[in-house]
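**Student:**
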């Protein structure tokens, strides 16, 4: 399911494996001995508008021993028991990007995650109703398959696709460095500018690198 119906293959949409593990631990701890249908429902409910919010730290500079203090930024916290408790996932940029399990998230992908989980919660609720009605095994099987993602693929949710190709000759001195810039810095800057356009509902950029010996794709 995850490999077929997510943007980055093995990940659930934009949520990495580490982010998902954090959510699972939280749910299992909060809902001990709960039926898996309850856990699935609670998973979707985490991303309700009032519960799920991203907070972006644009400039974060950590030096020396202070790097240990940054651990607080990586806490995955949806707890509502304490009114003063934060319900934010904090996304760090700058020199901590390699340590940030949520570095693929932005305000645009936040919207996509909410939309996808609202759809999943709706399908799961319909499935639960059928189970309570003691529906036939065949009906339940079809409902489960529907919930697992027989819907629209992620790529089909986009009206416009933009392809940027960077290539260089094998003997190029600075070609690889330039392409690395295009794949990293330029990609991030382009996305940050696109999300500012009110005409665009949501946007994301998926980096795709061809192997060195692989020919460029034909148009």
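Numbering (this note's numbering), first residue to last: -1 to 217.
Glycine residues also receive a C-beta, built at the ideal position from the N, C-alpha and C atoms.
Here the structure is a predicted model, which is why all the values come from computation and not from measurement.
1) So for residue 45, helix, strand or coil by DSSP?
2) Short check: CB of residue 23 to CB of residue 110, under 9 Å?
3) Output needed for residue 137: all residues of its chain with C-beta closer than 7 Å, excluding positions within five of it in sequence on either side, in chain order.
4) Comparing C-alpha positions only, which one of 124, 39, 17 and 27 sits nearest to residue 115?
5) Pick from 161, 166, 196 and 28: whose alpha carbon is nearest that of residue 185?
6) What is the DSSP secondary structure of residue 140, reduced to helix, strand or coil?
7) Could you tell me if residue 176 is buried or exposed, where buried requires 16 or more neighbouring beta carbons within 10 angstroms of its beta carbon?
8) How would you label residue 121, buried or exposed, when you count the other beta carbons within 10 angstroms and need 16 or more for buried?
9) Please state whether DSSP places residue 17 in a helix, a strand or coil.
10) With 16 as the cutoff for other CB atoms within 10 Å, does residue 195 come out buried or exposed?
11) If contacts are defined as beta-carbon pairs under 8 Å, then residue 139 and residue 125 qualify, I think. What distance do you get, rounded to the angstrom?
12) What distance in whole Å lies between the Cβ atoms of residue 166 and residue 218, which are believed to be in contact at a cut-off of 8 Å?
13) Considering only their Cβ atoms, is the gap separating residue 36 from residue 29 smaller than 9 Å?
**Tutor:** In terms of the structure at hand:
1) It is coil, neither helix nor strand.
2) Note that the C-beta distance between residue 23 and residue 110 is not below 9 Å.
3) Only 128 meet the Cβ criterion.
4) Closest option to residue 115, Cα to Cα, is 39.
5) Just measuring C-alpha positions, the residue of 161, 166, 196 and 28 sitting nearest residue 185 is 161.
6) Residue state, collapsed to three classes: helix.
7) Flag for residue 176 reads exposed.
8) Under this definition residue 121 is a buried residue.
9) DSSP places residue 17 within a helical segment (H, G or I) once states are collapsed to three.
10) The residue in question, residue 195, is exposed, as its Cβ has fewer than 16 Cβ neighbours within 10 Å.
11) In fact, because the Cβ distance is near 11 Å, the residues do not count as touching under 8 Å.
12) Any answer about residue 218 is impossible in this case: the structure gives the chain only from -1 up to 217.
13) One thing to note: residue 29 has its Cβ within 9 Å of the Cβ of residue 36.
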